[in-house]
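Notes follow once the structure below has been shown.
There are 2 protein chains.
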Amino acid sequence: MVSQADPLSATFAALSDPTRRAILARLAQGPATVGELAAPFAISAPAISRHLKVLEHAKLIQRIKEAQWRRCKLEPARLHQAAEWMDQYRQFWEAQFDSLAQFIDTLKETDRPPLGSPV
Amino acid sequence: MVSQADPLSATFAALSDPTRRAILARLAQGPATVGELAAPFAISAPAISRHLKVLEHAKLIQRIKEAQWRRCKLEPARLHQAAEWMDQYRQFWEAQFDSLAQFIDTLKETDRPPLGSPV
DNA sequence: ACCTTATTTAGCAGTTATGTTAATTAATGA
DNA sequence: TCATTAATTAACATAACTGCTAAATAAGGT
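Taken in order, these protein sequences are the chains called U and L. Quick note: this note's numbering has the first sequence finishing at residue 119, numbered continuously throughout. Quick note: this note's numbering has the second sequence finishing at residue 1119, numbered continuously throughout.
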């Protein structure tokens, strides 16, 4: 969980905190200042500031100085990279879905008469 | 980074370590025993055992006792869940790709005469 | 029973993460 | 210049992560 590690490790480490995921969800609706991002949370401003630093370090967000505010916006490239990593495993859950679907079909065949048979 | 946290946090925390991702990559090629999984790494057996515990706790793998071995296999459901979470943000990187494509088109228009113009 | 192999648990150390409060920096505006 | 607002950094406490070595558990073979 060393934040300076490879990009993928930094991305997943950043995403492993629910506060940070909530911040990203908020930023998905548009840019926001640090204060706006902090408002919904019960934790202190410095704590939010550190979460933002983690997100910025992982290059998941960008912080742009605007007068006395810092406007934060989503930077999607690293999310894209992480999603591509997960895609490697897509075949596995799709295979599982197929076997589930197959299993459900089996149940239908066992529990009910085939479609179109007399009632 | 509390491993007992919500499933998504546990998943991302588990994925934030390169050794654990390498273990998953190995398991994508088929089930393996702990010893087989440990072989490529320079770290001790207990360290691997703990990584496997993290992966098992995150429900990314299953460990099945077979004689004196423990066969490990990939369990894709949580990866699927994480991939679905990321899909929420797909529009953002796709939008970025669009603007990059647009930018490249702009360059082409600037640097070259339009297609079909006299040489 | 005993030895070997496979794997985990215990105990320890060093590093990293997260939160707090208090102090600091930076910009705005009277 | 001074007060206000926005946000960060400093200093500290606590908990978690990761690795090690040594010891324990579990199963199999002789």
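Beta carbons are placed, not taken as given, at the ideal position from N, Cα and C, and that holds for glycine.
- As computed with DSSP, K65 (chain U) is found in a beta bridge with U:R70.
- In the DSSP assignment, A10 (chain U) falls within the alpha helix (DSSP H) that extends over 7-15.
- Our two residues, A1005 (chain L) and L79 (chain U), have alpha carbons roughly 22 Å apart in a direct line.
- Look at A1039 (chain L) here: in three-state DSSP terms it is coil, with no helix or strand label.
- With fewer than 16 other Cβ atoms inside 10 Å of its own Cβ, P40 (chain U) counts as exposed.
- The way I'd put it, the stretch 1073-1091 of chain L does touch the stretch 73-92 of chain U; three or more beta-carbon pairs between them come closer than 8 Å.
- The C-alpha of R71 (chain U) lies about 17 Å from the C-alpha of A47 (chain U).
- Taking 9 Å as the Cβ-Cβ cut-off, the stretch 1010-1027 of chain L approaches chain U at A1010, T1011, F1012, A1013, A1014, L1015, S1016, D1017, P1018, R1021, L1024, A1025, given in chain order.
- For H80 (chain U), the chain L residues whose C-beta falls within less than 9 Å of its own C-beta are M1086, Y1089, R1090, F1092, W1093, E1094, Q1096, F1097, listed in chain order.
- Between H57 (chain U) and R20 (chain U), the beta carbon gap of about 11 Å keeps them out of contact (Cβ cut-off 8 Å).
- Straight across, the Cα-Cα distance linking E1094 (chain L) with L1060 (chain L) is about 28 Å.
- Neighbours of A83 (chain U) in chain L, taken as residues whose beta carbon is under 9 Å from its own, are A1083, M1086, D1087, Y1089, R1090, W1093 in chain order.
- A Cβ-Cβ distance of about 5 Å is found for the pair L1037 (chain L) and I1023 (chain L), placing them in contact under the 8 Å criterion.
- Boundaries of the alpha helix (DSSP H) harbouring K53 (chain U): 45-57, taken from the DSSP string.
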